[in-house]
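Chains as they are written, first to last, in my numbering: chain A, 115 to 524; chain B, -9 to 114.
Take a look at the structure set out below.
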């Protein structure tokens, strides 16, 4: 008798696609395909580690264009007029528009390295990046934001700036906007052990440069634009943040102590390769975050989620409203699933890690019990399970005991 | 609890019970509401449904009249049949009541549409 295959998912990281290309946006889409007046832009999206391949596939399907992936992020090149579409991606956490990228030569001397890093952005196309940023603002941007280098300003504009800047307090709650400039702050994210400068120093240096070169006022709290300086060893990338609120907080209204991010729920469901018409079960659903994402992204399936903890059942009930979706919540014990043999196509679950909920000791009894019940109720041959857990030792021990039933594929 | 879910549930997990399927339904409050009809979903779910158990369940909540006793040939193309199946599988919700083990009579309460299938210590 063929055994159902199971695929526990731990903290996997997909191999990098070899890093992102140096900035050259010309050539990935033939110019003939761009609509008149539009241009190519590059949008970077942060992704939970391990889900990069899922995110890349989703983005390629949605954008119809080239997507590259590396650890923790994907980069999509597409026509600027299509950028807003990316908000409907289910597998990404935050979106950023790339202002520019380059590779810098670092000597190890702080001042010259900081100059090298900041100099790299001066030739970037800030206007286009700000145009994309404007599209993502919730309310229409009132003023036409200025984005031209100061060497093209008139004398009267310079005087006006100096007058306004001296009255402006960077820490105040009401920043002024001389000449319709957006206020900004710089956040620096640095990877690399041998930099001669700290992230704070780099952020400050770039901030001063943006302020001098573009004339934008700094505001650390009430800023319009967040400029991100990402330094990965000698690769520098400057982006503007597009999403004020992370995309993973969608859907769920009633959170519990361990509610999973919507983006991770989506990733787990994708790993399960769910097809239309399948029965998908989450035997330890908590607040039903996985099923909530499931009924939205996989409307052709039926979801049954179960829990034993009463408060979690209440939250599940709230999150699964309205009841019109093809789904149900059941109160059950995951080690005694009240389901007929071979009635389930896929299990997708976030198992208790044994930290905020349960304990490692409990997991030693829970995991083998759940795996056995899932084996009984999964369809032989095609049944599968995608399980998330941090308690790898309990999982390994449970898999050893249930070897006849489950084949590990991830 | 929709009748599709009821079709999956069993009390055979109770120690000593061999004929725990299908569970009987005692309904105190049933809600009917129109839900979007997805013929492909219904057609595919049919292969997972124990049809006679579904008919029995629909009958016990007072909505069994329309259903044929067995799934017709080429059901996936029979829109009229799929609509009837859709109505029974998705549009009937048992909000308050009990599920009853056919062998032991043990009751599992349903509240707010959520059946409580937790077992007592002696049943495990």
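In this text, a Cβ means the ideal position worked out from N, Cα and C, and glycines have one as well.
*Taking the alpha carbon of residue 468/A as the point to measure from, which residue in 461/A, 462/A, 477/A has its own alpha carbon closest?*
477/A
_Simplified DSSP assignment, three categories, for residue 141/A_ = With a pLDDT of 36 at residue 141/A, under the threshold of 50, the modelled position of this residue cannot be trusted, and the question is left open.
*asked:* Give me, in chain order, the residues of the same chain whose beta-carbon lies closer than 8 Å to that of residue 287/A; leave out the 5 immediate sequence neighbours on both sides.
replied: Per-residue confidence for residue 287/A stands at a pLDDT of 43, beneath the threshold of 50, marking its modelled position as unreliable; the derived number appears in the next sentence. Excluding sequence neighbours, residue 287/A sits near 335, 336.
*asked:* Extract the residue ranges of the beta strand (DSSP E) inside the segment 6 to 73 of chain B, only unbroken runs of 3 or more that lie entirely within it.
replied: 14 to 22
*Whose C-beta lies closer than 7 Å to the C-beta of residue 36/B among residues of the same chain, with five residues either side of it excluded?*
61, 65, 75
*When 228/A, 493/A, 473/A, 190/A are compared against residue 347/A, the one with the closest alpha-carbon*: 228/A
*Is the number of C-beta pairs between the segment 23 to 38 of chain B and the segment 438 to 455 of chain A that are closer than 8 Å three or more?*
yes
*Write down the C-beta distance between residue 398/A and residue 463/A rounded to the nearest angstrom, noting that I regard them as a contact closer than 8 Å.*
5 Å
*asked:* Strictly under 8 Å for the Cβ-Cβ distance: is residue -8/B near chain A by that measure?
replied: yes
*Where does the unbroken alpha helix (DSSP H) through residue 486/A begin, and where does it stop?*
474 to 491
*Quick one: list the residues of chain B neighbouring residue 452/A, beta-carbon separation under 7 Å, in chain order.*
-1, 0, 1, 3, 107
*For a contact meaning CB atoms closer than 8 Å, what does residue 445/A contact in chain B?*
104, 105, 106, 107, 108
*Assuming residue 206/A contacts residue 246/A (C-beta within less than 8 Å), just tell me the rounded distance between them.*
16 Å between Cβ atoms; not a contact.
*asked:* If you reduce the DSSP assignment to three classes, tell me which class residue 390/A lands in.
replied: coil
_Below 8 Å on the Cβ atoms is my contact criterion, and I expect residue 426/A with residue 400/A to pass it. Report the Cβ-Cβ distance as a whole number of Å._
5 Å
*Mind checking if residue 30/B is an interface residue toward chain A, Cβ cutoff 8 Å exclusive?*
yes
*Whose C-alpha, out of 160/A, 363/A, 457/A, 150/A, is nearest the C-alpha of residue 186/A?*
160/A
*Which residues, in chain order, does the segment 29 to 48 of chain B contribute to contact with chain D at a C-beta distance below 7 Å?*
Absent here is chain D; the protein component of the structure consists of chains A and B.
*Applying a beta-carbon distance threshold of less than 9 Å, which residues of chain B neighbour residue 412/A?*
The premise fails here: residue 412/A is roughly 10 Å from chain B at the closest Cβ pair, so nothing lies under 9 Å.
*Just the Cα atoms here: how many angstroms apart are residue 232/A and residue 322/A?*
10 Å
*In angstroms, rounded to a whole number, what distance separates the CA positions of residue 177/A and residue 389/A?*
22 Å
*Under 7 Å Cβ to Cβ from residue 54/B, same chain only, skipping five residues before and after it: list those, please.*
45, 48
*Given a threshold of 16 other Cβ atoms within 10 Å of its Cβ, counted over all protein chains shown, does residue -8/B qualify as buried or as exposed?*
buried
*Should residue 309/A go down as buried or exposed, given a rule of 16 or more other Cβ atoms within 10 Å for buried?*
buried
*With distances taken between CB atoms, is the gap from residue 191/A to residue 154/A smaller than 8 Å?*
yes
*List in chain order: all unbroken alpha helix (DSSP H) runs of 4+ residues lying wholly within the segment 302 to 338 of chain A.*
313 to 328
*Would you check if the segment 406 to 425 of chain A and the segment 502 to 521 of chain A touch, i.e. whether three or more CB-CB distances between them fall below 8 Å?*
no
*If you draw a straight line from the C-alpha of residue 317/A to the C-alpha of residue 370/A, how long is it?*
36 Å
*Residue interval of the beta strand (DSSP E) (run including residue 589/A)*: An answer regarding residue 589/A cannot be provided, because it is not within the stretch 115 to 524 covered by chain A.
*asked:* Please list, in chain order, the chain B residues whose beta carbon lies closer than 7 Å to that of residue 442/A.
replied: -9, -8, -5
*Give me the Cβ distance between residue 20/B and residue 85/B, rounded to the nearest whole Å; I'm assuming they're in contact under 8 Å.*
7 Å
*Taking C-beta to C-beta, are residue 306/A and residue 341/A nearer than 8 Å?*
no
*Are there 16 or more other CB atoms within 10 angstroms of the CB of residue 111/B, so buried, or fewer, so exposed?*
exposed
_Neighbour-count burial assignment, residue 497/A, 16 or more Cβ in a 10 Å radius_ = buried
*Cβ separation of residue 411/A and residue 391/A, assumed to be a contact under 8 Å, to the nearest whole Å*: Going by Cβ atoms, the distance from residue 411/A to residue 391/A rounds to 15 Å, so no, they are not a contact pair.
*Mind pulling the chain A residues with CB within less than 9 Å of residue 134/B?*
In the structure displayed, chain B extends from -9 to 114; residue 134/B sits before or after that span and is not available.
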